[in-house]
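**Student:** Take this structure, written in structure tokens, and hold onto it; I'll ask about it next.
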Amino acid sequence: MGIMTRLTRLCKADIHGVMDQIEDKGLVLAQCLREMEDAMSRERIKLSRLSARRDNLKANLKAQEELAQKVDQDLYEAVKKEKDDIAKFLIRKHKTVTGVVQKLDLQIQELNRDISRLQQDLEE
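Counting in our numbering, the sequence shown runs from 80 upward without gaps.
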């Protein structure tokens, strides 16, 4: 069994040696470069999509913040005019809008971290 194992290893080594000599090193290197460029291209596309998503979230955040300000003003007026039923409704609405603002802010922060990581990876 030991002789057969040695012969098998010898044959495998010879086959690997022949394959190494047959392979054109330039072609292998060119293929590696193409694969790296493709990977970088995919990362750039991912980066642009993340940036677009962040911009969209920022616009949505701005709209929600403006809505929160308007609800605050309306709430102030409702309390001032002693309209309790309207004030209760506006308090619930303000709570909902504030929650949305906080979630959007967290998502934007997370996207900023992801974008920074991708930019650093692309620079390396």
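Quick reminder that beta carbons are idealized off the backbone N, C-alpha and C, glycines included.
All of these numbers come straight from a predicted model, not from anything done at the bench.
Which value, in whole angstroms, describes the spacing of the CA atoms of R128 and Q181?
**Tutor:** For the purposes of this step, residue 128 is taken as residue 49 along the sequence shown, with counting starting at 1. For the purposes of this step, residue 181 is taken as residue 102 along the sequence shown, with counting starting at 1. Their Cα atoms are separated by approximately 22 Å.
**Student:** Hey, quick one: how far does the alpha helix (DSSP H) through K149 stretch, first residue to last?
**Tutor:** On the sequence shown, residue 149 is found 70 positions in, with the first residue counted as 1. From DSSP, the alpha helix (DSSP H) with K149 extends over 104 to 159.
**Student:** Any contact between the stretch 175 to 192 and the stretch 130 to 142? By contact I mean 3 or more CB pairs, one from each, below 8 Å.
**Tutor:** yes
**Student:** Looking at the unbroken alpha helix (DSSP H) that takes in K167, where does it start and where does it end?
**Tutor:** Along the sequence shown, read from residue 1 onward, the residue named residue 167 stands at position 88. From DSSP, the alpha helix (DSSP H) with K167 extends over 163 to 202.
**Student:** I believe K172 touches V158 by the beta-carbon criterion, under 8 Å. Please report the beta-carbon distance rounded to the nearest angstrom.
**Tutor:** As a position in the sequence shown, residue 172 is number 93, starting the count at 1. As a position in the sequence shown, residue 158 is number 79, starting the count at 1. Between V158 and K172 the Cβ distance is about 14 Å, and since that is not below 8 Å, they are no contact.
**Student:** Measure the beta-carbon distance from L197 to L126 and round it to whole angstroms, keeping in mind my assumption that it falls under 8 Å.
**Tutor:** Indexing the sequence shown from 1 puts residue 197 at position 118. Indexing the sequence shown from 1 puts residue 126 at position 47. Separation of the CB atoms of L197 and L126 is rounded to 5 Å, and the pair is thereby assigned contact status at 8 Å.
**Student:** Could you tell me the distance, in whole angstroms, from the CA atom of R132 to the CA atom of T177?
**Tutor:** Start at 1 with the first residue of the sequence shown, and residue 132 comes out as number 53. Start at 1 with the first residue of the sequence shown, and residue 177 comes out as number 98. Taking the straight line joining both Cα atoms gives about 21 Å.
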